[in-house]
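Novice: Input: one structure, supplied below.
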Amino acid sequence: MTTTPADSDLKRLFVYNRSVPDLETFTRITAIEHDWIEPLIAGLAERTAPVASRAAWVERLAGLLAAEREPSPAGRYLAEKATREEFALVVREFGLDGLTEAQNFFPAVPRLPIRSQMAVMRVLIDEFGCGNLQQAHSQLYLNLLGELGLPRTVDDLLDLTSDETFAFLDVFFWLTQRAPHIEYFLGALAYLEASIPAAFTVQARACERLGIENGRYYTEHLHIDLFHMEEMQVAIREYEAVHPLDATKLWIGATLLSELLGTAFDSAVERAREAA
Ligand SMILES: [Fe+2]
Ligand SMILES: [Fe+2]
1466 MTTTPADSDL KRLFVYNRSV PDLETFTRIT AIEHDWIEPL IAGLAERTAP
1516 VASRAAWVER LAGLLAAERE PSPAGRYLAE KATREEFALV VREFGLDGLT
1566 EAQNFFPAVP RLPIRSQMAV MRVLIDEFGC GNLQQAHSQL YLNLLGELGL
1616 PRTVDDLLDL TSDETFAFLD VFFWLTQRAP HIEYFLGALA YLEASIPAAF
1666 TVQARACERL GIENGRYYTE HLHIDLFHME EMQVAIREYE AVHPLDATKL
1716 WIGATLLSEL LGTAFDSAVE RAREAA
């Protein structure tokens, strides 16, 4: 298991990606991505059997979601056994994700045809609470961090976050801004939205069991991501109405996210158990 050294590439990549990059910073971003994400994608492409059509993609995604529906051992532990302290460490680990949720999806919008843009925007509007701060997902996470007495700013969380989590955060900057094919992003976000209702039952259960009052960040997603999952399939269908669709790249995006998020979650729970 790795922890984040103060100057890890993936941590620096997150900071660079949130800056207004000058030429030097941009060169560093692309250099880190070249050594990190490009081999990941190439490896997945090698292991992936081609996906013939959008219908075949829908079927393959359903198979992956069914296989992941039961929580991993780490998920079962978090739901049923973790102490409040252990749970808090996992909440802290995903703090950067919660506080910046969906912000880095926007650059994908201009890369999509208009009807596909509308579907993605309906998702994004929900993520931002339809403009109501009290419903914004980042605010719900802030409330949870507050209840658990955890740091509540991006700056304060940077040194408390592991490389496994930075990989999950960093990948969306590449997917939206530099991935040569937008299907990788569409497949990744379609997977993420579709997997969350099952995944977050773990944290929702832990909040219920531990008497944590601000578990709404999780329970909200159990409900709203059922709609987001459908909207992402609309986004893909509308993309295909305008452009040839490479369904294999949708699938590579989905498996990429599944691997990065699964690793980030399992190692967050493992680390919390070691630390607590
Ligand atoms: Fe959300
Ligand atoms: Fe969502």
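Numbering follows my numbering, in which position 81 of the sequence shown is assigned residue number 1546; successive positions increment by one, without gaps.
For glycine and all other residues, C-beta sits at the position ideal for the given N, C-alpha and C.
A quick note: this is a predicted structure, and the numbers were derived from the prediction, not measured.
1) So does the segment 1474 to 1481 actually touch the segment 1491 to 1499, counting three or more Cβ pairs closer than 8 Å?
2) Once the 5 residues before and after Phe1637 are set aside, which same chain residues still bring their CB inside 6 Å of it?
3) Three or more beta-carbon pairs under 8 Å between the segment 1546 to 1556 and the segment 1575 to 1595, yes or no?
4) Please classify Ile1579 as buried or exposed, where buried requires at least 16 other C-beta atoms within 10 Å of its C-beta.
5) Quick check on the DSSP output: the alpha helix (DSSP H) that includes Arg1617 runs from which residue to which?
6) So, is the C-beta of Val1699 closer than 8 Å to a C-beta in chain C?
7) Between Tyr1542 and Cys1595, what straight-line distance do the alpha-carbon atoms span, to the nearest angstrom?
8) Please classify Thr1618 as buried or exposed, where buried requires at least 16 other C-beta atoms within 10 Å of its C-beta.
9) Roughly how far, in whole angstroms, is the beta-carbon of Thr1565 from the beta-carbon of Ile1717, given that I think they are within contact range, below 8 Å?
10) Assuming Ala1737 contacts Val1555 under a Cβ cut-off of 8 Å, what Cβ separation, rounded to an integer in Å, is found between them?
11) Using a threshold of 8 Å, state whether the C-beta atoms of Ser1732 and Leu1530 are closer than that.
12) Within 10 angstroms of the Cβ of Arg1534, are there 16 or more other Cβ atoms? Answer buried if so, exposed if not.
13) What's the C-alpha gap between Glu1658 and Met1694?
Specialist: According to the data block:
1) yes
2) Asn1569
3) no
4) exposed
5) Careful: Arg1617 lies outside any alpha helix (DSSP H) and carries neither H nor E.
6) Among the protein chains of the structure shown there is no chain C, as only one such chain exists.
7) 34 Å
8) exposed
9) About 24 Å separates the two Cβ atoms, so there is no contact after all.
10) 5 Å
11) no
12) exposed
13) 5 Å
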